[in-house]
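Asks: Residue numbers (my numbering), protein chains in the order written: chain A, 16 to 269; chain B, 44 to 188. Sharing a structure here in structure tokens format.
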């Protein structure tokens, strides 16, 4: 139908829409925005499966990587001791002017003049649809085909910092130390701790005295991280789901 | 003009009353001045072991909660600040076992030591703020690095 013809039509309004039609539209919206917990976990499955998960039926059946690394952050346990930051910096040679992981601080109003502190550890979310990878002009940053870790190839990096601007999580910095001039970021200790421990743990997770950070593999149902994310009656959330980046770092309160 | 004529005489006594009220409130607050002799040092005690950092306020515990000095001294804590931190058993595990803060913070007398961590824990950021004298973070994303 041409636009001109369309204009001649009378507006039917939404009231007269059959409810089935409306439901289908809403469903579409929910699956696009990733409202379902999984949005991110489940984004890999169809909206129909996501609906099932909402009713506690079937969790996501498939993750695109194997091992599909993830980190669960049990936010309310974090006391900002920053041992994770120290361990990360030592393990991965992170200079003082940058970070691969850090802790954000918030103050929440509890009413009647009372406040509560909230510490929020952040790091690269190793998104399934990483905006940083999409914008990199030289493919210096890429998804590892096996693990899904978002990697940096320093030799290819031209330092344009477009990825820094694209990252929804502010997880990248420009390293200008020890003769290196490139973007640096968390790689789940791929070439350091993860290699040493045969994929068991990252430096930050190991250093955490409060067991805030739980590193694991989403394809392994026996993994602690998998169990936490799939525990009943738990609210699990991701940061900035609206970007559609499908992050693999999940937050919850223990 | 008419309005002004009417409101002006009504406003003055009200302002006077307000002044008197504020004065009285001010007096009442001043009367409850913090007495370090009775309540312990006003400066917070900051623990940096086993992790940075925990902020202990004498004011909240004595003046606020009505505890006596000997509720904690010298059995749970020595008078001298920093003594407990030297002990190897100054850990969260000990607190859960009823030692140190855990003697009261057991979920019965006071909130449990394994709940609401950030009531006491101020973190590295809080520690640095105490030492730099800065105010609490104004926005939601204080201190990136």
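Ideal Cβ placement from N, Cα and C applies to all residues, glycine included. It should be emphasised that the depicted structure is a prediction, and the values quoted were computed from it without experimental measurement.
(1) Under 8 Å between C-beta atoms, does residue 257 (chain A) make it to chain B?
(2) Can you grab the Cα-Cα spacing for the pair residue 263 (chain A) / residue 106 (chain B), in whole Å?
(3) Quick one: give me the first and last residue of the beta strand (DSSP E) that residue 78 (chain A) is part of.
(4) With 8 Å set as the bound, which would you pick, yes or no: does the beta-carbon of residue 89 (chain A) sit closer than that to a beta-carbon of chain B?
(5) With residue 157 (chain A) as the anchor, note down where its alpha helix (DSSP H) starts and where it stops.
(6) Three-state secondary structure (DSSP) at residue 256 (chain A)?
(7) Exposed or buried, which one is residue 184 (chain A) when buried takes at least 16 other CB atoms within 10 Å?
(8) In terms of residues, what are the limits of the alpha helix (DSSP H) holding residue 244 (chain A)?
(9) DSSP three-state label for residue 145 (chain B), please.
(10) The alpha helix (DSSP H) spanning residue 271 (chain A) covers which residue range?
(11) Kindly list the residues whose CB is nearer than 8 Å to the CB of residue 128 (chain B), restricted to its own chain and excluding five residues on each side of it in sequence; keep chain order.
(12) Would the region 137 to 148 of chain B and the region 102 to 110 of chain A be scored as touching if the rule is three or more Cβ pairs under 8 Å?
(13) Which residues in chain C sit within 9 Å of residue 167 (chain B), going by Cβ to Cβ distance?
(14) Pick helix, strand or coil for residue 129 (chain B), following the three-state DSSP scheme.
(15) With a 10 Å radius around its C-beta and 16 neighbouring C-beta atoms as the bar for buried, classify residue 99 (chain A) as buried or exposed.
(16) In terms of alpha-carbon separation, which member of A:250, A:27, A:160 lies closest to residue 144 (chain A)?
(17) Any idea if residue 65 (chain A) is buried or exposed, counting beta-carbon neighbours within 10 angstroms, 16 or more meaning buried?
(18) Quick check: the Cα distance between residue 171 (chain B) and residue 87 (chain B), rounded to an integer number of angstroms?
(19) Are the beta-carbon atoms of residue 251 (chain A) and residue 241 (chain A) separated by less than 8 Å?
(20) Comparing the C-beta of residue 160 (chain B) with each C-beta of chain A, is any distance below 8 Å?
(21) Is DSSP giving residue 163 (chain A) helix, strand or coil here?
(22) I'd like to know whether the C-beta atoms of residue 218 (chain A) and residue 204 (chain A) end up nearer to each other than 8 Å.
(23) Does the region 173 to 189 of chain A come close enough to the region 139 to 153 of chain A to have 3 or more Cβ pairs within less than 8 Å?
(24) Start and end of the beta strand (DSSP E) containing residue 117 (chain A)?
(25) Check each residue of the region 222 to 235 of chain A: if its Cβ is closer than 8 Å to any Cβ of chain B, include it; give the result in chain order.
(26) Assign residue 208 (chain A) to one of two classes, buried (16 or more other C-beta atoms within 10 Å of its C-beta) or exposed (fewer than that).
(27) How many angstroms separate the CA atom of residue 162 (chain A) from the CA atom of residue 79 (chain A)?
(28) Under DSSP, the beta strand (DSSP E) around residue 130 (chain A) begins and ends at which residues?
(29) Straight-line CA distance for residue 81 (chain B) to residue 173 (chain B)?
(30) I'd like to know if residue 132 (chain A) contacts chain B, where contact means its C-beta is closer than 8 Å to some C-beta of that chain.
(31) Assuming residue 94 (chain A) contacts residue 134 (chain A) (C-beta within less than 8 Å), just tell me the rounded distance between them.
(32) DSSP state of residue 103 (chain B), grouped into three classes?
(33) I'd like the list of long-range same chain contacts for residue 202 (chain A), defined as Cβ closer than 6 Å, with 5 residues on each side in sequence excluded.
Replies: By the coordinates alone:
(1) Closer than 8 Å: no.
(2) Looking at the backbone, the Cα of residue 263 (chain A) and that of residue 106 (chain B) are separated by about 48 Å.
(3) Counted as a single uninterrupted DSSP element, the stretch harbouring residue 78 (chain A) is not any beta strand (DSSP E), since DSSP gives it neither H nor E.
(4) Chain B, which has no Cβ nearer than 8 Å to the Cβ of residue 89 (chain A), makes this no.
(5) Membership of residue 157 (chain A) in any alpha helix (DSSP H) is not indicated; the residue belongs instead to the beta strand (DSSP E) covering 156 to 158.
(6) Helix at residue 256 (chain A).
(7) Under a 10 Å Cβ-count criterion, residue 184 (chain A) is classified as buried, with 16 or more other Cβ atoms of the shown protein chains found around its own Cβ.
(8) Residues 239 to 244.
(9) Note: residue 145 (chain B) maps to helix in three-state DSSP.
(10) The shown model of chain A, from 16 to 269, leaves out residue 271 (chain A), and the question about it has no answer.
(11) Excluding its 5 nearest sequence neighbours in each direction, residue 128 (chain B) has C-beta neighbours in its own chain below 8 Å: 90, 91, 92, listed in chain order.
(12) No: the two stretches stay apart, fewer than three of their Cβ pairs being nearer than 8 Å.
(13) The displayed structure is made up of protein chains A and B, and chain C is not among them.
(14) Reduced to three states, the DSSP call for residue 129 (chain B) is helix.
(15) By the neighbour-count rule (16 or more Cβ atoms within 10 Å), residue 99 (chain A) is buried.
(16) The alpha carbon of residue 144 (chain A) has as its nearest neighbour, out of A:250, A:27, A:160, the alpha carbon of A:160.
(17) Confidence at residue 65 (chain A) is low in this model, with a pLDDT of 45, below 50, so its placement is unreliable and the value that follows should be read with caution. Label assigned to residue 65 (chain A): buried.
(18) Rounded to the nearest angstrom, the two C-alpha atoms are 14 Å apart.
(19) No. Outside cutoff.
(20) Any Cβ of chain A closer than 8 Å to the Cβ of residue 160 (chain B) would place that residue at the interface, and such an atom is present.
(21) In the structure shown, residue 163 (chain A) sits in coil (DSSP, three-state: anything other than H, G, I, E or B).
(22) It is a contact, given that the beta carbons lie within the stated cut-off.
(23) Output reads yes: the region 139 to 153 of chain A touches the region 173 to 189 of chain A.
(24) Element bounds for residue 117 (chain A): 116 to 126.
(25) For the region 222 to 235 of chain A, which is checked against every Cβ of chain B, the residues closer than 8 Å are 224, 225.
(26) Under a 10 Å Cβ-count criterion, residue 208 (chain A) is classified as buried, with 16 or more other Cβ atoms of the shown protein chains found around its own Cβ.
(27) CA-to-CA, the gap between residue 162 (chain A) and residue 79 (chain A) works out to about 9 Å.
(28) Counting along the chain, the beta strand (DSSP E) containing residue 130 (chain A) begins and ends at 129 to 138.
(29) One C-alpha to the other measures close to 24 Å.
(30) Chain B, which has a Cβ nearer than 8 Å to the Cβ of residue 132 (chain A), makes this yes.
(31) Cβ atoms of residue 94 (chain A) and residue 134 (chain A) come within 8 Å of each other, at about 7 Å.
(32) DSSP places residue 103 (chain B) in helix when its eight states are reduced to three.
(33) For residue 202 (chain A), same chain residues with a beta-carbon under 6 Å away, outside a window of 5 residues either side, are 164, 166 in chain order.
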